[in-house]
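Heads up, the thing below is written out as structure tokens.
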DNA sequence: GTTCGTGCAAACGGTTTGCAACAAT
DNA sequence: ATTGTTGCAAACCGTTTGCACGAAC
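Residue numbers (the working numbering), protein chains in the order written: chain A, 1313 to 1443; chain B, 1313 to 1443.
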């Protein structure tokens, strides 16, 4: 995974074996995993990796802009490698989080919001998947 | 606070002293407090109240539809007595959550979302307050 | 006297932190 | 040698739970 190493270096992150393994998993995922889920997955490839390293590494990735952190579900934070503007759908039954394309929801940016400097806008839809 | 007792009864909740105290505070608040913040405030009026009672009572209020629970910030869930449709603004600097009127943001409900039954839509804006 | 509500303390789950060992330069 | 990275265990914080006491009909 040379491109993973390159991505890490591009974000000023030393590509250690653990970081490459974690990035190799989490940068390609679409399932919005929690830190513990990432740990479980990465352990399968690199059994010696510790939970602390996974947590710290994910936080590092977020700080360095490789990853986005979403606060959508109670209990645990989830991670999303998709850095492009998009929305999220949370399945009430399964808890699964799905990406929605940005233009699936038309958000009329209310520029007339007196007193607020809006940096980002997050739209979360909740419901169930239809057959 | 007779109306608080009435509100509790209207939602099939026995108005015990603790519940009245908790409701008396949280139903009138606009600050989106966490459970622990509610506990601190209510203890000032009713020092004997326990943390467990506050947590359990807030969950009961949510179940019974007196209160809404918001997952917006990491770390802790917050409560919002405003049941009408509205949006939220999170101040990056202070962490404060402000209500935004529903029509401050025009969300074009994407009815064309194939495969999704949308039950609710949550819009969270993040940024800073302007002087 | 049975039911419901409460307080306490312990348990819990996700996450962070202190620290000593370990690479790598 | 110095600097950065890791693993382990313990600490932490928000929250839930088990249980025995107490209040109310």
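All C-beta atoms in this analysis are idealised placements derived from N, C-alpha and C, irrespective of residue type, glycine included.
Cβ closer than 8 angstroms: which chain B residues qualify as neighbours of residue i?
| i | result |
| --- | --- |
| residue 1396/A | Per Cβ cutoff of 8 angstroms: no residues; residue 1396/A is ~17 angstroms from chain B at best. |
| residue 1432/A | 1437, 1438, 1439 |
Would you mind working out which of the options sits nearest residue i, comparing C-alpha positions?
| i | options | result |
| --- | --- | --- |
| residue 1467/A | 1326/A, 1430/A, 1435/A | Because chain A in this structure spans residues 1313 to 1443, residue 1467/A falls outside the shown range and cannot be described. |
| residue 1418/A | 1402/A, 1437/A, 1344/A | 1437/A |
| residue 1324/A | 1374/A, 1342/A, 1341/A, 1333/A | 1374/A |
| residue 1405/A | 1428/B, 1392/B, 1389/B, 1397/B | 1428/B |
| residue 1434/A | 1354/A, 1341/A, 1384/A, 1393/A | 1384/A |
| residue 1408/B | 1332/B, 1336/B, 1439/B, 1431/B | 1439/B |
| residue 1348/B | 1340/B, 1331/B, 1362/B, 1339/B | 1362/B |
Can you give me the Cβ contacts of residue i inside the same chain, cut-off strictly under 8 angstroms, excluding the 5 residues immediately before and after it?
| i | result |
| --- | --- |
| residue 1416/B | 1399 |
| residue 1329/A | 1358 |
How would you list, in chain order, the residues of chain A whose beta-carbon sits under 7 angstroms from the beta-carbon of residue i?
| i | result |
| --- | --- |
| residue 1336/B | Result: empty, since nearest Cβ-Cβ is about 25 angstroms, beyond 7 angstroms. |
Going by DSSP, what residue range makes up the alpha helix (DSSP H) through residue i?
| i | result |
| --- | --- |
| residue 1336/A | 1329-1338 |
| residue 1354/B | 1347-1357 |
Just verifying my parser: in three-state terms, what is the DSSP assignment at residue i?
| i | result |
| --- | --- |
| residue 1378/A | coil |
| residue 1324/A | coil |
| residue 1412/A | strand |
| residue 1392/B | strand |
| residue 1316/B | helix |
| residue 1406/B | coil |
List, in chain order, every chain A residue whose beta-carbon is nearer than 9 angstroms to that of residue i.
| i | result |
| --- | --- |
| residue 1420/B | 1417, 1418, 1419, 1420 |
| residue 1367/B | None at all; the shortest Cβ gap to chain A is about 13 angstroms. |
Just reading off the beta strand (DSSP E) that residue i is part of, what are its end residues?
| i | result |
| --- | --- |
| residue 1385/A | Premise fails: residue 1385/A is in no beta strand (DSSP E) and is neither H nor E. |
| residue 1432/A | 1428-1441 |
| residue 1418/A | 1418-1420 |
| residue 1402/B | 1398-1403 |
Within a Cβ cutoff of 7 angstroms, which residues of the same chain sit near residue i, ignoring the five residues on either side of it in sequence?
| i | result |
| --- | --- |
| residue 1395/A | 1380 |
Spatial neighbours of residue i within its chain, please: C-beta separation below 6 angstroms, excluding the five flanking residues on both sides.
| i | result |
| --- | --- |
| residue 1388/B | 1346 |
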